[in-house]
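One structure is given below, encoded as structure tokens.
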Amino acid sequence: MEMHNAKRVEIIIEAVMERQLTNALNEAGVTGYTILPVSGGSGRSGQWSREGQVSRAGGMVAVICLIRPERLDPLLEAAFAVVERHIGVVSVTDTQVLRAERF
2 MEMHNAKRVE IIIEAVMERQ LTNALNEAGV TGYTILPVSG GSGRSGQWSR EGQVSRAGGM
62 VAVICLIRPE RLDPLLEAAF AVVERHIGVV SVTDTQVLRA ERF
């Protein structure tokens, strides 16, 4: 089965910024992504958890995009425009996908 090179971009951002981020990605031409809740973690400020929270205000989400390598720069520019002013992390890894026409 033939595999095709792609980029996997993961953006961890405050849940309240989810819509602003996805709007920026849509405007940059990103046609697909997956959003997952983040239940907790640890970083510069120490450990944190969603446990006991009654609203999305303190939560985080992970937005995952699989794209063709030549489409990476516009996505990163759009993501950084949102993330640079808020809590968030952007990572990029090389990956391979089946059915490249979907990306």
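This note's numbering numbers the first residue of the sequence shown as 2 and each following residue consecutively. We treat Cβ as the ideally placed atom computed from N, Cα and C, and that holds for glycine. Owing to the predicted nature of the structure, the values given are computational and were not obtained by experimental measurement.
Query - For D74, the residue or residues it bridges with in DSSP - result: Counting from one through the sequence shown, the residue named residue 74 turns up at place 73. Under the DSSP definition of a beta bridge, D74 lacks any partner.
Query raised in the report: Does the stretch 15 to 26 come close enough to the stretch 92 to 104 to have 3 or more Cβ pairs within less than 8 Å?
Result: No, because fewer than three Cβ pairs between the stretch 15 to 26 and the stretch 92 to 104 fall closer than 8 Å, the two stretches do not touch.
Query raised in the report: In chain order, what residues of the same chain have a beta carbon less than 8 Å from the beta carbon of M4, not counting five sequence neighbours either side?
Result: Locating residue 4 in the sequence shown gives position 3, counting from the first residue. So the list reads Q97, V98 and L99, once near-sequence residues are dropped.
Query raised in the report: Name the DSSP bridge partner or partners of M4?
Result: Locating residue 4 in the sequence shown gives position 3, counting from the first residue. Paired residue(s): none; M4 is not in a bridge.
**Report entry** Under the three-state DSSP convention, the category V83 falls into
**Finding:** As a working mapping, residue 83 is identified with position 82 in the sequence shown. Helix.
Requested in this report: Pull up the DSSP beta-bridge partners for V31, would you.
Outcome: What you label residue 31 is simply residue 30 of the sequence shown in a count that begins at 1. For V31, which the question treats as bridged, DSSP gives no partner whatsoever.
Query raised in the report: Would you call the CB atoms of L76 and A25 closer than 7 Å?
Result: For the purposes of this step, residue 76 is identified with residue 75 of the sequence shown, where counting begins at 1. For the purposes of this step, residue 25 is identified with residue 24 of the sequence shown, where counting begins at 1. Taking 7 Å as the cut-off, the Cβ atoms of L76 and A25 do not count as close.
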